[in-house]
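Here is the structure we will look at, set down as structure tokens.
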Amino acid sequence: MSTLLALDTATEACSVALLHDGKVTSHYEVIPRLHAQKLLPMIQQLLNDAGTTLQAVDAIAFGRGPGAFTGVRIAVGVVQGLAFALERPVLPVSNLAVLAQRALREQGVSQVAAAIDARMDEVYWGCYRESDGEMRLVGAEAVLPPEAAALPANASGDWFGAGTGWGYGERIAVTLSGQDASMLPHAEDLLTLARFAWERGEAIPADDAQPVYLRDKVATPKSER
Numbered sequence: 015m016s017t018l019l020a021l022d023t024a025t026e027a028c029s030v031a032l033l034h035d036g037k038v039t040s041h042y043e044v045i046p047r048l049h050a051q052k053l054l055p056m057i058q059q060l061l062n063d064a065g066t067t068l069q070a071v072d073a074i075a076f077g078r079g080p081g082a083f084t085g086v087r088i089a090v091g092v093v094q095g096l097a098f099a100l101e102r103p104v105l106p107v108s109n110l111a112v113l114a115q116r117a118l119r120e121q122g123v124s125q126v127a128a129a130i131d132a133r134m135d136e137v138y139w140g141c142y143r144e145s146d147g148e149m150r151l152v153g154a155e156a157v158l159p160p161e162a163a164a165l166p167a168n169a170s171g172d173w174f175g176a177g178t179g180w181g182y183g184e185r186i187a188v189t190l191s192g193q194d195a196s197m198l199p200h201a202e203d204l205l206t207l208a209r210f211a212w213e214r215g216e217a218i219p220a221d222d223a224q225p226v227y228l229r230d231k232v233a234t235p236k237s238e239r
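Sequential numbering of the sequence shown, starting at 15, is according to this note's numbering.
Here you go:
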């Protein structure tokens, strides 16, 4: 049975999760600006608690964004460092998808409008629908003003709003069955999505791991703008 490690630092939350011997363990803390110091000790503690080592890990999953620029870079850097050293592949997972998966786990909802506060008066936005236990993207992810956020053209039924972008809820013209504007991505749900991707053979080499900011120009050198 595969051993998978998942980690996420894309928002104020820092979390890690491990699938080992068919059991899932996780650790989650909301610790803004402390991710770089806390992440590796959290991983080591998780491995110790499970009675295993990094060498037993078959692949490493991570939140590839969208989210805070620095947080996403921390995740990519740590994952690449570990994966290169171990010669293991990686599994990038959307943080909006992770939010939707957490809403499914905690609220039992099958359609989720995930939104993360993108600052600059914008939100990261993606709509997800459950399929065989996996939240799948409907349409495309985007960064846009709250007023421009919308459900997919063929949307019907109840939708749940998940994520800090719903702090702009009064400006988003979407009718919800419920919402949680304090919800942050959790590595336990990232791990769930990574397991589906792993089983489909979607793991990639560590050097192909890239952050996804949705804002194309965020990290572009001035000479290329």
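In this text, a Cβ means the ideal position worked out from N, Cα and C, and glycines have one as well.
Could you give the first and the last residue of the continuous beta strand (DSSP E) run that contains residue i?
| i | result |
| --- | --- |
| P106 | 104 to 107 |
| A154 | 148 to 158 |
| R143 | 137 to 145 |
| L21 | 18 to 22 |
If you follow the alpha helix (DSSP H) that residue i is in, where does it begin and where does it stop?
| i | result |
| --- | --- |
| V188 | Premise fails: V188 is in no alpha helix (DSSP H) and is neither H nor E. |
| R253 | A query on residue 253 cannot be resolved here, the shown segment of the chain reaching from 15 to 239 and no further. |
Identify whether residue i lies in helix, strand or coil by the three-state DSSP scheme.
| i | result |
| --- | --- |
| I45 | coil |
| K236 | Low confidence applies here, because K236 scores a pLDDT of 37, under 50, leaving its location unreliable; read the following figure in that light. In this structure, K236 counts as helix in the three-state DSSP scheme. |
| Q125 | strand |
| V226 | coil |
| A208 | helix |
| G65 | coil |
| V112 | helix |
| D35 | coil |
| G77 | strand |
| G171 | coil |
| D72 | coil |
| A163 | coil |
| A132 | coil |
Once you ignore the five residues that flank residue i on each side, which residues in its own chain have a CB closer than 7 Å to its CB?
| i | result |
| --- | --- |
| L60 | V30, L32, T39, H41 |
| P46 | E26 |
| L228 | P80, Y138, E155, A156, V157 |
| W212 | S16, L18, A73, L105 |
| L151 | A111, G140, Y142 |
If I measure Cβ to Cβ from residue i and keep anything under 6 Å in the same chain, skipping five residues before and after, which residues do I get?
| i | result |
| --- | --- |
| S124 | E144 |
| V86 | A24, G79, P225 |
| S16 | D72 |
| K236 | Reliability of the predicted coordinates at K236 is poor, the pLDDT of 37 falling under 50, and no value is obtained from them. |
Would you please verify whether the beta carbon of residue i is less than 8 Å from any beta carbon of chain D?
| i | result |
| --- | --- |
| T189 | The chain labelled as chain D is not found in the depicted structure, where only one protein chain is given. |
Compare the beta carbon distance of residue i and residue j with 8 Å and say whether it is the shorter of the two.
| i | j | result |
| --- | --- | --- |
| D131 | G181 | yes |
| L21 | V90 | no |
| A128 | R102 | no |
| F98 | A208 | no |
| P199 | G77 | yes |
| A126 | A117 | Inspection of the sequence shows that residue 126 is occupied by Val rather than by Ala. Closer than 8 Å, so yes. |
| C141 | G122 | no |
| L205 | A70 | no |
Between which residues of its own chain and residue i is the CB-CB distance below 8 Å, once the five residues before and five after are set aside?
| i | result |
| --- | --- |
| E238 | Confidence is the limiting factor: at E238 the pLDDT is only 38, short of 50, which leaves the residue's position unreliable, though a coordinate-based value still follows. Here the set comprises nothing. |
| D63 | T39 |
| K52 | C28, E43, I45 |
| L48 | C28 |
| T67 | L61 |
| I88 | T23, H49, A50, L53 |
State yes or no: is the C-beta of residue i nearer than 7 Å to some heavy atom of the ligand ADP?
| i | result |
| --- | --- |
| G36 | Among the components modelled here there is no ligand, and therefore nothing to report on the ligand ADP. |
message: Below 8 Å, how does it come out for the segment 103 to 112 and the segment 49 to 62: are there three or more Cβ pairs, yes or no?
response: no
message: I want to know whether the segment 81 to 99 touches the segment 151 to 171 - three or more CB-CB distances under 8 Å.
response: no
- prompt: Is it true that the segment 214 to 229 meets the segment 177 to 192, where meeting means three or more beta-carbon pairs spaced less than 8 Å apart?
  reply: no
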